[in-house]
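Just so you know, the protein sequences line up as chains A and B, in that order. Under our numbering, the residue at position 34 of the first sequence is numbered 34, and the numbers go up by one with no gaps. Under our numbering, the residue at position 47 of the second sequence is numbered 167, and the numbers go up by one with no gaps. Where a beta carbon is used, it is the ideal one built from N, C-alpha and C, also for glycine. As the structure is a computational prediction, the values presented were derived from the model and not from experiment. Below: one structure, written as structure tokens.
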Amino acid sequence: EVQLAESGGGLVQPGGSLRLSCAASGFTFRNAWMSWFRRAPGKGLEWVANLNGDGSETYYLNSVKGRFTVFRDNAENSLYLEMNSLRAEDSAVYFCARDLPGVKSTFDYWGQGTLVTVSS
Amino acid sequence: QSALTQPASVSGSPGQSITISCTGSSSDVGANDYVSWYQQHPDEAPKLMVYEVNNRPSGVSSRFSGSKSGNTASLTISGLQADDEADYYCASHRRGVLEVFGGGTKLTVL
Chain A
1 EVQLAESGGG LVQPGGSLRL SCAASGFTFR NAWMSWFRRA PGKGLEWVAN
51 LNGDGSETYY LNSVKGRFTV FRDNAENSLY LEMNSLRAED SAVYFCARDL
101 PGVKSTFDYW GQGTLVTVSS
Chain B
121 QSALTQPASV SGSPGQSITI SCTGSSSDVG ANDYVSWYQQ HPDEAPKLMV
171 YEVNNRPSGV SSRFSGSKSG NTASLTISGL QADDEADYYC ASHRRGVLEV
221 FGGGTKLTVL
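And the structure:
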């Protein structure tokens, strides 16, 4: 059974940093494209970043470029999102998801999410 | 403001059918068949319901179907059930941006 579990969320001050983790199991992690999404209070889902199986290709939402870094540890079956220079507008529940193999722009398994609150 | 436009809410009675629209542009919905739909119950993970416009993942009920015409995609749910009450999001691939979503539609089963 495919499982994804995020952790690492919390309360952080504007300008601060946070690292989110996503523990994966039930599939061959090193072969999977993985993505991060977020859902801000009262707003819809938003794609944040993704990367390929070996981590050599990464893509980001324009508003997080230069501040967020997505990376993975295939030996640990884990995905990460390093978030720096956090802003109030980054406050959201963050989800990790697996890209459906062989199908572009489709995400077949998601975690439950971890809440990030940026506030002083 | 989300990249794709969905109605904020729709409602229907058990057994009825409803359709949720998702309007984009010639750069996303109208440009390819990478349109997907997700269901999200409160405090739960999103669930993939339809992908590539009209394909259903294994385990998703045939009551859920998708279609597309021009820059607008649609999700139809037939034979509404109480458990269908949830938020629904459409998503599409957009050239140069990668993934864009709609703002979500809250489905209420009356």
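**Q.** First and last residue of the uninterrupted beta strand (DSSP E) at Lys226 (chain B)
**A.** Thr225 to Val229
Q) How far does the beta strand (DSSP E) with Trp47 (chain A) in it reach, from first residue to last? A) Leu45 to Leu51
Q: Return the CA-CA distance between Ile140 (chain B) and Gly66 (chain A), expressed in angstroms with no decimal places.
A: 36 Å
Q. Would Gly224 (chain B) be called buried (16 or more neighbouring beta carbons within 10 Å of its own) or exposed?
A. buried
Q: Would you mind giving the Cβ-Cβ distance between Gly53 (chain A) and Trp33 (chain A), rounded to the nearest angstrom? I have them listed as a contact below 8 Å.
A: 7 Å
Q: Assign Asp204 (chain B) to one of three DSSP states: helix, strand, or coil.
A: helix
Q | Identity of the residue in A:Ser119, A:Arg19, A:Pro101 and A:Lys43 nearest Thr28 (chain A) by Cα | A | A:Pro101
Q: Taking all protein chains shown into account, decide if Glu6 (chain A) is buried (16 or more other Cβ within 10 angstroms of its Cβ) or exposed.
A: buried
Q. Quick one: does Asp54 (chain A) have its CB under 7 Å from some CB of chain B?
A. no
(Q) Strictly under 7 Å for the Cβ-Cβ distance: is Thr106 (chain A) near chain B by that measure? (A) yes
Q) With a cut-off of 7 Å, does the C-beta of Phe184 (chain B) fall near any C-beta of chain A? A) no
Q: Please state if the CB of Cys22 (chain A) and the CB of Leu79 (chain A) are separated by a distance shorter than 7 Å.
A: yes
Q.
Spatial neighbours of Asn84 (chain A) within its chain, please: C-beta separation below 6 Å, excluding the five flanking residues on both sides.
A. Ser17 and Arg67
Q | Whole-Å CB distance - Pro14 (chain A) paired with Leu86 (chain A), under 8 Å assumed | A | 6 Å
Q. Is it true that the region 150-159 of chain B meets the region 126-135 of chain B, where meeting means three or more beta-carbon pairs spaced less than 8 Å apart?
A. no
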